[in-house]
Structure formats: C-alpha cells, structure tokens
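Asker: My questions will all concern the structure given below.
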C-alpha cells in the first residue's frame with residue numbers, strides 16, 4: 003500500500019524532471035534528437051505508454067531512500083532523474099553492443115534510427131544525466147552535490163567495467179563461477195547501489211546508515227540479476243519482452259550456466275561444443291536443472307536477498323517510505339514489478 | 003619560444019594525470035580495458051608514440067589560460083586531463099559513427115577490438131573524464147569545481163548536438179550555408195571553448211575576463227574547423243593521417259561545399275547527382291575553387307580569426323603564458339601544430 007501511494011506521489015514530479023531535462027538537451031533546435039530520446043523513454047512513437055517507459059524502479063528507489071532516511075524526497079529529484087537517464091543511456095548502447103533488436107517489446111533505438119544516431123543519442127543522454135545531477139545544488143549543499151555527482155560517476159565507470167567483461171566473456175566458451183561477480187557487480191548492481199547510496203547521501207544520513215543503505219542497494223542489485231538469470235532460462239521470454247527465446251541461445255554467461263560448466267557434466271559437454279540451437283533449449287534447460295544449476299542460482303539469490311534485507315534493517319528506514327522500501331525490495335526479489 | 007618551453011613544462015604532469023586516471027579506471031582488474039585506452043591515447047600498441055598521442059592541444063590551451071589569467075597552471079590539471087579524455091572519447095565514437103578505419107595514421111579502436119568494445123571503452127573514458135574533473139576540488143573551491151564540471155558537461159551536450167546534425171546531414175544532398183554553424187559550433191568549437199572557459203574559471207578571473215576567454219576559445223574553435231574544411235579538400239590527405247582521399251568523396255557538408263551548393267553552378271549540379279568518385283576529385287576541387295568556395299571559406303576563417311584574437315586581447319593574458327597563448331592561436335590558425 004505504502005509503495006503504491008508513494009509511487010503515485012513521486013511519478014508526476016519525476017516525469018516532469020525527466021521531460022525538462024530532455025527538453026533542455028534537445029528542444030526546438032534539435033527536434034529529431036528529442037524525438038529519439040522521447041521514443042526510447044517510452045513517451046512517443048509506436049507503442050508508447052506505461053509498458054514502454056519501464057517502471058522507473060531506480061529513481062523510485064532513490065526517492066524512497068531519501069525519504070526513509072529522513073529528508074523530503076523532493077531534494078533528491080535531480081539525482082533520481084539522472085540515475086534513470088544513466089540507466090536508459092546504458093540500455094541504448096547495450097542494445098547495439100548485444101545486437102538486441104527489441105527493447106521493452108518495441109524496436110530498439112538503433113533499429114529505428116541506425117547505429118550512428120543511436121550511439122550519439124546515448125552519449126547525449128549520458129551528458130544530460132551528468133548535467134541533471136548538478137541541479138542538486140539548487141536545494142542541497144555544494145558538498146552533497148559534489149559527493150552525489152562523484153558517486154554517480156563511479157557507478158557509471160563500474161557499469162562500463164561490467165559491460166566490458168560481459169562483451170569479453172562472449173567469445174570464451176568456458177569460465178569459472180568467480181568470473182560472474184565482477185561482471186554483474188558492474189553491469190547491474192553498481193547503478194542500483196548508486197540509488198540507495200545517493201538517496202542516503204542527499205538525506206545527509208550518518209556514515210553507518212549511509213553505508214547500510216549502500217549495502218542494501220548492492221545486494222539487492224546482485225540478487226535481482228541472479229533472479230533475472232534464472233528467468234532468462236526458465237522464465238517466459240514473451241513476458242520479459244526480450245527478442246531471444248533463451249539466454250542459452252545467446253550464449254550468455256549467466257550464473258546457472260557457469261555453475262553447470264563447473265560441474266563438467268552433460269550440460270558442460272554440450273555447451274563447449276558450440277552455439278545452442280533454439281530447438282535444443284527445452285531439453286538443455288532440464289539437463290541444467292538436473293545438474294543443479296537452478297538450485298545453485300536460487301540459493302545464491304536467497305543469500306543475497308538475506309544480506310540486502312539485513313542491511314535494510316541496519317539502515318533503520320523510517321515511516322511510510324521505510325515500509326515502501328521493504329515492499330519494493332520484496333517485490334523486486336519476487337520479480338513482481 | 004614561450005609556447006615550446008611551457009608545453010615542455012606541462013606535458014609530463016599532464017601525461018601523468020592522464021595515466022593515473024586510466025590506471026584508476028582500468029587497472030590490474032581490467033587489463034584489456036586499460037590496453038584499449040592506452041592504445042587509443044597513443045601510449046601502447048603498434049605505432050605508439052608522439053604521432054599517435056596527438057598534440058594534446060586542448061589541455062595545453064586550458065593550462066595556458068589558467069596561467070595567463072593569473073593562477074598556477076597546476077590547479078587546472080584535472081580539468082585539462084578531463085578535457086583531453088572527452089576529446090578522445092568523442093574520437094572513439096566518431097570513428098564508429100563515420101565508419102573511419104584510421105585515426106592518427108593507425109587503425110581506429112573499433113577496427114582492432116570491434117564495435118561493441120569500442121562503444122563501451124568510449125563510455126568508460128567519458129565516465130573517467132567526469133570523475134577526473136571532480137578532482138579539481140583537491141586544490142580549488144567547491145564552487146569552482148561545480149562550475150567547471152557544469153561547463154564541461156554543457157560542452158559534452160553541445161558536442162553530441164553537433165554530431166547529431168553531422169550524422170543527419172549525411173543523408174541530405176543539399177543544405178543552406180546557415181546549417182553549417184550549429185553543426186561545427188557543437189562538434190568542434192564547444193570543447194575548445196570549454197578549454198578557455200574552464201581555464202579562466204579555475205583562475206577565478208573576473209566575469210568580463212572569463213567571458214573574453216570564452217569568446218576567444220569559441221572563435222578559435224570555429225576558425226580551426228573552417229581551416230580544417232579547406233585542408234579537407236585542398237590539403238594533403240596523407241599529411242592529415244586520414245583514411246579518405248578527400249572530404250568531397252565522403253560527401254562531407256563542409257563550408258566550401260555548402261558555399262558551392264548555394265552558387266547553383268556546375269559544382270552544385272554535379273554534387274546533387276550523387277556520390278563523388280575519387281578520380282573526379284582533382285577537377286571538382288578546381289571547379290569549386292573557381293566558383294569561389296575556397297575564397298569564401300578563407301574569408302570566414304579570417305573573420306573568425308580576427309574575432310578570436312580580439313577576444314584574446316580583451317582577456318589581457320599575462321606573462322609568458324599570455325605570449326604562449328598568442329603563439330598557440332597563431333599556429334593553430336596557420337595549422338602549423
């Protein structure tokens with residue numbers, strides 16, 4: 003209940019902040035640049051609407067954290083919008099890098115406008131995010147603004163480090179399980195960590211509380227990715243709005259796959275022989291499950307979930323926003339949002 | 003003389019700041035990411051050396067401005083390094099967007115490592131630049147740091163706006179001359195403007211002086227691009243280290259070309275019929291020169307050069323660095339560096 007109410011309170015202000023930022027970047031002088039950004043953010047073009055905007059989980063997590071840590075959520079709006087812009091910039095580039103034609107059930111930006119415009123629009127959105135977070139100075143101290151900007155930029159760097167490993171891993175048939183964590187720590191957890199880290203920073207919470215929020219975000223992000231990996235093999239691909247039938251076909255080095263490889267059983271034997279064909283997927287998914295890949299990933303997700311919720315307890319989140327934060331974590335970890 | 007002496011003073015500290023930044027982004031944990039950055043920056047790999055690093059004109063311009071405006075150049079080092087990283091990030095992405103195989107006479111990053119890694123390494127360098135400029139806070143006030151970060155980020159946004167127009171113009175056979183200025187104002191002048199704007203900001207010069215430095219940088223950048231356009235048609239392509247024989251073959255909407263189109267003569271008639279073949283270039287370059295394209299561009303370059311030098315006079319640059327700044331402008335405007 004708290005989560006829905008607060009989300010409804012935040013959303014109009016958040017969308018307005020995002021729209022103002024895009025307007026600033028690409029107003030009347032650059033109508034096509036604006037059109038590309040508005041398309042990707044789900045506001046315009048074929049298929050525009052709630053399904054296409056995504057759920058704005060990251061900015062909501064940021065605003066909830068600021069409020070739960072004892073400050074008005076409005077103070078964190080520029081940071082929340084900046085994080086959502088970073089998330090979307092990374093999706094624009096990832097879709098090119100991964101050769102993914104679909105994003106949230108619609109053609110990816112590069113499919114509609116070509117690779118050169120899509121790379122550049124991603125860069126424009128990246129710049130815009132960095133400009134947007136500096137607006138924190140309008141309602142926060144310069145020190146908070148600088149710290150928040152630095153935290154966001156560190157997280158962007160981690161994002162690219164994780165993506166670098168992801169691309170590098172594509173051409174390797176086998177990898178140890180340990181190779182997984184720096185990849186997902188960068189490409190998924192770093193930005194979710196930034197949400198709670200920056201949210202608590204804006205609230206000027208004490209260092210131990212800020213640190214607890216940071217660990218909450220980090221473990222939440224890691225658990226979220228492990229659950230995503232499980233769905234990528236045993237979930238419903240249509241429901242996820244993805245272009246491929248299975249992560250197995252994409253050759254993705256997900257946690258269940260790396261576990262399966264470590265077992266050196268039938269799954270590993272098939273995997274190292276080369277790309278998986280779509281018709282092999284059902285049997286191979288069963289094989290990997292039988293060899294323990296699903297259970298292992300589930301137990302890792304449970305472990306990370308416990309760490310996330312323990313850190314959230316340590317952070318002592320307050321009031322309605324505190325309740326909503328627990329609710330959001332619960333939903334994310336059951337993949338209901 | 004002043005320019006050479008000061009450049010030799012700045013260069014070791016500048017390279018060290020750049021190397022520390024790259025080390026920070028991609029140290030022992032990400033050796034290949036570091037190798038890609040070091041290759042692009044001219045430090046490593048086949049053909050590494052002074053020719054491959056580029057001339058570091060932008061950071062030197064930044065450091066000279068800070069010193070000429072009355073503060074120790076060391077204060078501006080993080081800003082100078084950040085600007086050079088932004089310049090290099092944009093080259094990495096531009097080469098993909100323009101399908102250019104060569105950069106400073108060596109294979110472009112994407113040719114060696116593929117498009118996905120090159121996009122992502124550009125993003126990593128972009129993040130790194132934004133992190134690096136925040137280090138200004140170590141020897142400058144928080145206010146100066148925030149203002150400098152905002153100026154850099156505005157310039158990055160302008161850079162992407164200019165690049166957006168450049169890509170958009172590729173598919174249009176004809177354009178009015180006025181379409182030229184927002185494109186080059188963004189893709190070339192914005193970052194050169196940022197050098198002098200931020201250099202003067204770090205020196206905490208008074209507003210009129212800062213504004214004069216800003217206009218100096220902007221007009222210098224515009225003049226530089228117009229001269230580049232002239233060389234792109236009537237210059238020696240080998241000397242420029244470019245892959246194509248002429249901007250005419252690339253269909254680039256340079257200033258001489260847009261002037262030629264506005265004349266609606268023989269040059270325009272040939273241009274609108276479709277792509278130029280390499281063997282047509284010598285005759286067509288003569289045709290465009292006969293129709294006044296070269297003279298027009300030369301007169302625009304002279305006008306912008308005068309504006310740049312007048313603004314530099316207004317800025318009252320001091321001491322050795324002031325002399326060096328005039329020297330650098332003169333050399334840039336004669337394309338001797």
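Residue numbers (the working numbering), protein chains in the order written: chain G, 3 to 339; chain C, 3 to 339.
Virtual Cβ for every residue (Gly too), placed ideally from N, Cα, C.
Since we're looking at a predicted model, the values are computed, not measured.
Check whether the Cβ of residue 197 of chain C lies closer than 9 Å to any Cβ atom in chain G.
Answerer: no
Asker: Within its chain, find whatever has a CB closer than 6 Å to the CB of residue 141 of chain C; leave out the 5 residues flanking it on each side and keep chain order.
Answerer: 77
Asker: Does the Cβ-Cβ distance between residue 236 of chain G and residue 291 of chain G come in under 9 Å?
Answerer: yes
Asker: What separation, rounded to the nearest whole angstrom, lies between the Cα atoms of residue 317 of chain G and residue 8 of chain G?
Answerer: 19 Å
Asker: Am I right that residue 42 of chain G and residue 94 of chain G are in contact with their C-beta atoms under 8 Å? What's the rounded C-beta distance?
Answerer: Correct: roughly 6 Å between the Cβ atoms.
Asker: Return the bridge partner residues of residue 105 of chain C from the DSSP annotation.
Answerer: C:108
Asker: Output needed for residue 10 of chain G: all residues of its chain with C-beta closer than 8 Å, excluding positions within five of it in sequence on either side, in chain order.
Answerer: Excluding sequence neighbours, residue 10 of chain G sits near nothing in its chain.
Asker: At 9 Å on the CB atoms, spell out the chain C contacts of residue 119 of chain G, in chain order.
Answerer: 99, 166, 169, 170
Asker: I'd like the span of the alpha helix (DSSP H) that includes residue 236 of chain C, first residue to last.
Answerer: 209–236
Asker: Is it buried or exposed for residue 288 of chain C, if we count other Cβ within 10 angstroms and need 16 for buried?
Answerer: exposed
Asker: So, helix, strand or coil for residue 115 of chain C, using DSSP?
Answerer: helix
Asker: So what does DSSP say about residue 173 of chain C, is it helix, strand or coil?
Answerer: coil
Asker: Consider the Cβ of residue 89 of chain C: report whether some Cβ of chain G lies at a distance smaller than 9 Å.
Answerer: no
Asker: Select from the region 12–34 of chain G all residues with a C-beta closer than 9 Å to any C-beta belonging to chain C, and list them in chain order.
Answerer: 26, 27, 28, 31, 32, 34
Asker: To be precise: take each residue of the region 130–144 of chain G, compare its Cβ to all Cβ atoms of chain C, and keep it if any distance is under 8 Å. Which residues remain?
Answerer: 130, 132, 133, 136, 139, 144
Asker: Is there a Cβ of chain C sitting closer than 9 Å to that of residue 190 of chain G, yes or no?
Answerer: no
Asker: Below 9 Å between beta carbons: does that hold for residue 185 of chain C and residue 111 of chain C?
Answerer: no
Asker: Just reading off the alpha helix (DSSP H) that residue 260 of chain G is part of, what are its end residues?
Answerer: 257–264
Asker: Could you pull out every residue in the same chain whose Cβ sits closer than 6 Å to the Cβ of residue 20 of chain G, ignoring the five residues on either side in sequence?
Answerer: 83
Asker: Along the region 214–232 of chain G, what residues have a CB closer than 9 Å to any CB found in chain C?
Answerer: none
Asker: Are the CB atoms of residue 306 of chain C and residue 225 of chain C nearer to each other than 9 Å?
Answerer: yes
Asker: Whose C-alpha, out of G:114, G:44, G:304, is nearest the C-alpha of residue 336 of chain G?
Answerer: The shortest CA-to-CA distance from residue 336 of chain G to any of G:114, G:44, G:304 is the one to G:304.
Asker: Whose Cβ in chain G lies nearer than 7 Å to the Cβ of residue 148 of chain C?
Answerer: Close to residue 148 of chain C, with beta-carbon spacing below 7 Å, are these residues of chain G in chain order: 136, 139, 144, 147, 148.
Asker: Tell me the rounded alpha-carbon separation between residue 228 of chain G and residue 197 of chain C.
Answerer: 44 Å
Asker: Output the distance between the C-alpha atoms of residue 127 of chain C and residue 189 of chain C, rounded to the nearest integer angstrom.
Answerer: Cα to Cα, residue 127 of chain C sits roughly 18 Å from residue 189 of chain C.
Asker: Measuring CB to CB, does residue 357 of chain C end up less than 9 Å from residue 283 of chain C?
Answerer: The structure shown has nothing for residue 357 of chain C, since chain C only spans 3 to 339.
Asker: Under the rule that 16 or more other beta-carbon atoms within 10 Å means buried, what is residue 199 of chain C, buried or exposed?
Answerer: buried
Asker: Mind listing the chain G neighbours of residue 175 of chain C? Cutoff is C-beta to C-beta under 9 Å, in chain order.
Answerer: Result: empty, since nearest Cβ-Cβ is about 18 Å, beyond 9 Å.
Asker: I'd like to check one pair, residue 176 of chain C with residue 75 of chain C: are the Cβ atoms closer than 9 Å?
Answerer: Annotated as distal: residue 75 of chain C and residue 176 of chain C, with beta-carbon spacing of 9 Å or more.
Asker: Residues in its own chain within less than 8 Å of residue 72 of chain C by CB, not counting five upstream and five downstream?
Answerer: 205, 207, 320
Asker: Pick helix, strand or coil for residue 50 of chain C, following the three-state DSSP scheme.
Answerer: coil
Asker: Rounded to the nearest angstrom, what separates residue 180 of chain C and residue 47 of chain G at their Cα positions?
Answerer: Their backbone Cα atoms lie some 30 Å apart in a straight line.
Asker: Look at the Cβ atom of residue 67 of chain C, then the Cβ atom of residue 276 of chain C, and state whether they are nearer than 9 Å.
Answerer: no
Asker: Against chain C, with Cβ distances strictly below 9 Å, would residue 156 of chain G count as a contact?
Answerer: yes
Asker: Just how far apart, CA to CA, sit residue 86 of chain G and residue 278 of chain C?
Answerer: 44 Å
Asker: Keeping to the same chain, check which residues put their C-beta closer than 8 Å to that of residue 339 of chain G; ignore five residues upstream and five downstream.
Answerer: Because the pLDDT at residue 339 of chain G is just 48, under 50, the model does not fix this residue reliably, and the value given afterwards should be weighed accordingly. These residues qualify, in order along the chain: 57, 59, 330, 333.
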